[in-house]
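J.:
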Amino acid sequence: MFNRQKLYIGLGISACVGSITVLYFWYRYYRQTSSSKINRCPSPTSILPSLRSNHDHEFIDINSSSELDNDDSDSIQILNEIQIPDGSVPLTPDQASILTHFLYESHNCEEQLHLVLTSIANASTFKESQINLANAGCIIRLRDLLLSTDNETTKCKILLALNNLALNDFAITQFSNIVTIVINLCCISPANSIIRLHGLNLLINMSVLEYLHEEYMNNIHVLGVLIESTIEYDDEVLSAGKILVNLSINKLNLENLLKITGVELKYILNLFTSKTDQSSKSEDILLRFLTFYCNLAEIIFHELKDNGDNNNNNNLWLFDPMPQRQGALYFEFFDHDKQDLAKSLLRPHYASSSINIQMKRLYQLMDKIHQCQIQLSVSSIGTNNEKNFIGESLLSNQA
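The sequence shown begins at 1 in UniProt numbering and counts up one residue at a time.
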């Protein structure tokens with residue numbers, strides 16, 4: 001019995017010594033492999049996944065970083081523990097923070113930066129991700145990168161990442177100055193280039209919510225130049241039409257939108273009506289610009305009607321053409337010759353019922369605007385005569 005106990009004790013001691021030996025060698029191996037990763041730019045597959053189907057909910061570990069200093073060892077430990085989804089599920093706050101961290105740390109490794117930007121673009125289709133990325137400071141970093149980078153691929157991926165974020169009413173509050181940056185970027189980029197197309201798409205999304213409309217209006221002349229430069233390219237001018245439709249829904253934008261040049265109704269109709277039978281895109285373009293005109297005409301009519309009904313002097317600028325540049329949109333609605341020309345052009349005889357409906361609507365609105373102008377003119381003459389009569393009566397009494 002005593003010998004058996006000694007045997008058990010010996011086996012136990014041997015097992016402990018063996019376990020300690022195995023743990024020691026594993027620890028040495030782990031230290032060597034960890035230190036070898038610090039100075040290496042990671043391979044794409046070790047950082048973020050390639051694009052996957054939305055039905056694939058696989059997660060990929062972020063397990064290394066690009067050219068991090070030894071002071072960033074804590075960050076490496078965090079990256080090893082947190083999983084970043086491939087864009088098919090929303091980001092958690094921690095995951096959003098890690099991606100934002102990578103935006104700061106990946107400036108020397110474009111491959112890694114592009115994969116991070118792709119992951120942000122994919123994940124930001126979810127509302128939770130949009131909010132978490134905004135809270136993590138991702139949008140501010142994307143704006144700074146857009147200003148500083150000269151790499152065209154990087155610019156395109158930043159624009160794509162911002163596209164979905166712009167549709168969130170919380171995230172949009174952090175888009176300060178991005179409208180100005182993107183308008184200027186589109187203006188200096190070659191026509192029909194991929195950067196310009198992505199930039200115009202972002203301008204569409206940033207104009208969906210009214211939060212940034214004031215920034216568009218502050219850049220109205222540059223925006224007008226950009227829109228005018230898109231006319232010859234179907235993809236670009238379709239995007240320009242969508243931007244104008246979004247901006248024209250907000251009546252506070254009326255005064256500035258009427259300053260735009262290069263989108264005269266006759267020019268637009270002649271350019272695209274001849275191609276509507278051959279190209280569905282031309283039909284879409286024409287429909288957008290007709291809708292833009294209708295939205296402005298609707299606002300103008302109600303402003304004129306309100307001015308006449310309530311003797312409202314807040315809209316006196318509507319009757320003053322002096323500040324307007326030649327070819328400004330203002331004259332399409334207030335110049336009598338332009339009004340008559342518009343009525344002669346707006347003949348709803350096209351194959352598209354949508355275009356015919358908008359043409360009829362614009363024709364009626366133009367006629368209403370003209371009638372309001374006549375009534376206000378007659379009312380103004382009557383008011384002046386009444387003032388003259390009162391003045392003459394006062395002079396007679398004094399005499």
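Glycine included, every Cβ here is placed at the ideal spot set by N, Cα and C.
Note that the structure is predicted; figures quoted are calculated from it, not measured.
Here's the rule I'm using: 16 or more other beta-carbon atoms within 10 Å means buried, otherwise exposed. How should aspartate 284 be labelled?
T.: Against the sequence shown, residue 284 aligns to sequence position 284. Looking at its Cβ environment, which holds 16 or more other Cβ atoms inside 10 Å, aspartate 284 is buried.
J.: Hey, leucine 226 and cysteine 186 are a contact pair by Cβ (cut 8 angstroms); roughly how many whole angstroms apart?
T.: Indexing the sequence shown from 1 puts residue 226 at position 226. Indexing the sequence shown from 1 puts residue 186 at position 186. Right, their Cβ atoms sit about 6 angstroms apart.
J.: Under 8 angstroms, do valine 179 and asparagine 219 count as touching if we go by C-beta distance?
T.: Taking the first residue of the sequence shown as 1, we reach residue 179 at position 179. Taking the first residue of the sequence shown as 1, we reach residue 219 at position 219. Yes, they are a contact pair.
J.: Assuming the contact rule is C-beta atoms closer than 8 angstroms, arginine 325 and lysine 259 should be a hit. Round their C-beta distance to whole Å, please.
T.: If you number the sequence shown from 1, residue 325 lands on position 325. If you number the sequence shown from 1, residue 259 lands on position 259. Yes, they are in contact, since the Cβ atoms of arginine 325 and lysine 259 sit about 7 angstroms apart, within 8 angstroms.
J.: Should serine 176 be labelled buried (16 or more other beta-carbon atoms within 10 Å of its own) or exposed?
T.: To locate residue 176, count along the sequence shown from 1; it is residue 176. With fewer than 16 Cβ atoms within 10 Å of its Cβ, serine 176 is classed as exposed.
J.: Would you tell me roughly how many angstroms separate the C-alpha atoms of aspartate 335 and glutamine 358, rounded to the nearest one?
T.: Sequence index remark: in the sequence shown, residue 335 carries index 335 (1-based). Sequence index remark: in the sequence shown, residue 358 carries index 358 (1-based). So the two alpha carbons sit approximately 21 angstroms from each other.
J.: I'd like to know if the segment 238-256 and the segment 280-296 are in contact, where contact means that at least 3 CB-CB pairs between them fall below 8 angstroms.
T.: Short answer: they touch.
J.: Just checking my contact of lysine 155 with isoleucine 195 at CB under 8 angstroms: how many whole Å lie between their CB atoms?
T.: Locating residue 155 in the sequence shown gives position 155, counting from the first residue. Locating residue 195 in the sequence shown gives position 195, counting from the first residue. Yes, they are in contact, since the Cβ atoms of lysine 155 and isoleucine 195 sit about 6 angstroms apart, within 8 angstroms.
J.: Since tyrosine 216 and serine 207 are thought to touch, with beta carbons under 8 angstroms apart, how far apart are those beta carbons, to the nearest angstrom?
T.: Here the question's residue 216 lines up with position 216 in the sequence shown. Here the question's residue 207 lines up with position 207 in the sequence shown. Right, their Cβ atoms sit about 6 angstroms apart.
J.: When burial is assigned at 16 or more other CB atoms within 10 Å of the CB, is serine 274 buried or exposed?
T.: Residue numbering aside, residue 274 sits at position 274 when the sequence shown is read from its first letter. Per the 10 Å Cβ criterion, exposed.
J.: When we look at the beta-carbon of histidine 101 and count the other beta-carbons within 10 Å, is it buried (16 or more) or exposed?
T.: Translated into the one-based positions of the sequence shown, residue 101 becomes position 101. Buried: at least 16 other Cβ atoms inside 10 Å.
J.: Roughly how many whole angstroms lie between the Cα atoms of asparagine 307 and asparagine 164?
T.: Residue mapping note: residue 307 aligns to position 307 of the sequence shown, counting from 1. Residue mapping note: residue 164 aligns to position 164 of the sequence shown, counting from 1. Distance between the alpha carbons of asparagine 307 and asparagine 164: 40 angstroms.
J.: Residues in the same chain with beta-carbon distance under 8 angstroms from glutamate 152, minus the five sequence neighbours each way, listed in chain order, please.
T.: Residue numbering aside, residue 152 sits at position 152 when the sequence shown is read from its first letter. Contacts found: Ile194, Ile195.
J.: Just the C-alpha distance for leucine 167 and phenylalanine 126, rounded to the nearest angstrom, thanks.
T.: Residue 167 sits at position 167 when you count from the first residue of the sequence shown. Residue 126 sits at position 126 when you count from the first residue of the sequence shown. Taking the straight line joining both Cα atoms gives about 10 angstroms.
J.: Does DSSP put alanine 328 in a helix, in a strand, or in coil?
T.: Within the sequence shown, residue 328 is the residue found at index 328, counting from 1. Strand.
J.: For proline 321 and phenylalanine 331, which I take to be in contact (beta-carbon distance under 8 angstroms), what is that distance rounded to the nearest angstrom?
T.: Taking the first residue of the sequence shown as position 1, residue 321 is located at position 321. Taking the first residue of the sequence shown as position 1, residue 331 is located at position 331. With 8 angstroms as the limit, proline 321 and phenylalanine 331 qualify as a contact, their Cβ atoms being about 7 angstroms apart.
J.: Looking only at DSSP bridge pairs, what is threonine 154 linked to?
T.: As a working note, residue 154 is residue 154 in the sequence shown. In DSSP, threonine 154 forms no bridge with anything.
J.: Of the choices Ile98, Trp317, Lys343, whose alpha-carbon is the least far from that of leucine 254?
T.: Against the sequence shown, residue 254 aligns to sequence position 254. When only C-alpha atoms are compared, the closest one is Trp317.
J.: Within its chain, find whatever has a CB closer than 7 angstroms to the CB of alanine 297; leave out the 5 residues flanking it on each side and keep chain order.
T.: Taking the first residue of the sequence shown as position 1, residue 297 is located at position 297. Same-chain partners within the cutoff: Phe333, Leu362, Leu365, Met366, Ile369.
J.: Between Asp234, His107, Ala240, Leu269, which lies nearest to histidine 349 when the distance is taken from Cα to Cα?
T.: As a position in the sequence shown, residue 349 is number 349, starting the count at 1. The candidate whose alpha carbon is nearest that of histidine 349 is Leu269.
J.: Return the CA-CA distance between asparagine 70 and glutamate 105, expressed in angstroms with no decimal places.
T.: The sequence position of residue 70 within the sequence shown is 70, counting from 1. The sequence position of residue 105 within the sequence shown is 105, counting from 1. With a pLDDT of 46 at asparagine 70, under the threshold of 50, the modelled position of this residue cannot be trusted; read the value that follows with caution. Taking the straight line joining both Cα atoms gives about 13 angstroms.
J.: Are serine 124 and alanine 161 close, meaning C-beta to C-beta below 8 angstroms?
T.: Start at 1 with the first residue of the sequence shown, and residue 124 comes out as number 124. Start at 1 with the first residue of the sequence shown, and residue 161 comes out as number 161. The answer is yes: Cβ separation under 8 angstroms.
J.: Near asparagine 135, what residues of its chain come up, given a Cβ to Cβ distance below 6 angstroms and the 5 sequence neighbours on each side ignored?
T.: Start at 1 with the first residue of the sequence shown, and residue 135 comes out as number 135. Once the five neighbours on either side are set aside, asparagine 135 has no close Cβ partner at all.
J.: DSSP beta-bridge partners for threonine 261?
T.: As a first step, residue 261 is located in the sequence shown; it is residue number 261 there, counting from the start. Paired residue(s): Ala328.
J.: With DSSP collapsed to three states, give me the class of glycine 199.
T.: In the sequence shown, counting from the first residue as 1, residue 199 sits at position 199. If DSSP states are grouped into helix, strand and coil, glycine 199 belongs with the helices.
J.: Give me the Cβ distance between leucine 202 and valine 182, rounded to the nearest whole Å; I'm assuming they're in contact under 8 angstroms.
T.: The residue labelled residue 202 in the question sits at position 202 within the sequence shown. The residue labelled residue 182 in the question sits at position 182 within the sequence shown. The pair is a contact, with the Cβ atoms about 6 angstroms apart (cut-off 8 angstroms).
J.: On the premise that lysine 266 lies in contact with leucine 341, defined as a C-beta separation below 8 angstroms, what is that separation, rounded to the nearest angstrom?
T.: One-based indexing of the sequence shown puts residue 341 at position 341. One-based indexing of the sequence shown puts residue 266 at position 266. Yes, leucine 341 and lysine 266 are in contact; Cβ-Cβ is about 6 angstroms, under 8 angstroms.
J.: In three-state DSSP terms, what is glutamate 58?
T.: Within the sequence shown, numbered from 1, the residue matching residue 58 stands at position 58. With a pLDDT of only 32 at glutamate 58, under 50, the local geometry of the prediction cannot be trusted, and the value read off the model is given with reservation. The answer is coil: DSSP assigns glutamate 58 none of H, G, I, E or B.
J.: Alpha carbon to alpha carbon, what distance is there between tyrosine 233 and lysine 281?
T.: Residue numbering aside, residue 281 sits at position 281 when the sequence shown is read from its first letter. Residue numbering aside, residue 233 sits at position 233 when the sequence shown is read from its first letter. So the two alpha carbons sit approximately 11 angstroms from each other.
J.: Using the Cβ count rule (16 or more neighbours within 10 Å means buried), how would you classify leucine 287?
T.: In the sequence shown, counting from the first residue as 1, residue 287 sits at position 287. Buried, since its Cβ has 16 or more Cβ neighbours within 10 Å.
J.: Hey, how far is the Cα of residue 414 from the Cα of glutamine 174?
T.: No answer is possible for residue 414: it lies beyond the span of the chain, which begins at 1 and ends at 399.
J.: At 4 residues or longer, what runs of the alpha helix (DSSP H) sit wholly inside the segment 119-149?
T.: 127-135, 138-148, all fully within the segment 119-149.
J.: Drop a sphere of 10 angstroms on the beta-carbon of alanine 351, count the other beta-carbons inside from all chains shown, and report buried for 16 or more, exposed for fewer.
T.: The residue given as residue 351 occupies position 351 in the sequence shown. It is exposed - the Cβ of alanine 351 has fewer than 16 other Cβ atoms within 10 Å.
J.: Closest by CA to valine 89, which one among Ile204, Glu111, Ile355, Ala121?
T.: Residue numbering aside, residue 89 sits at position 89 when the sequence shown is read from its first letter. The shortest C-alpha separation from valine 89 is found at Ala121.
J.: What's the C-alpha gap between isoleucine 231 and serine 279?
T.: Here residue 231 corresponds to residue number 231 of the sequence shown, with the count starting at 1. Here residue 279 corresponds to residue number 279 of the sequence shown, with the count starting at 1. If you take the alpha carbons of isoleucine 231 and serine 279, they lie about 15 angstroms apart.
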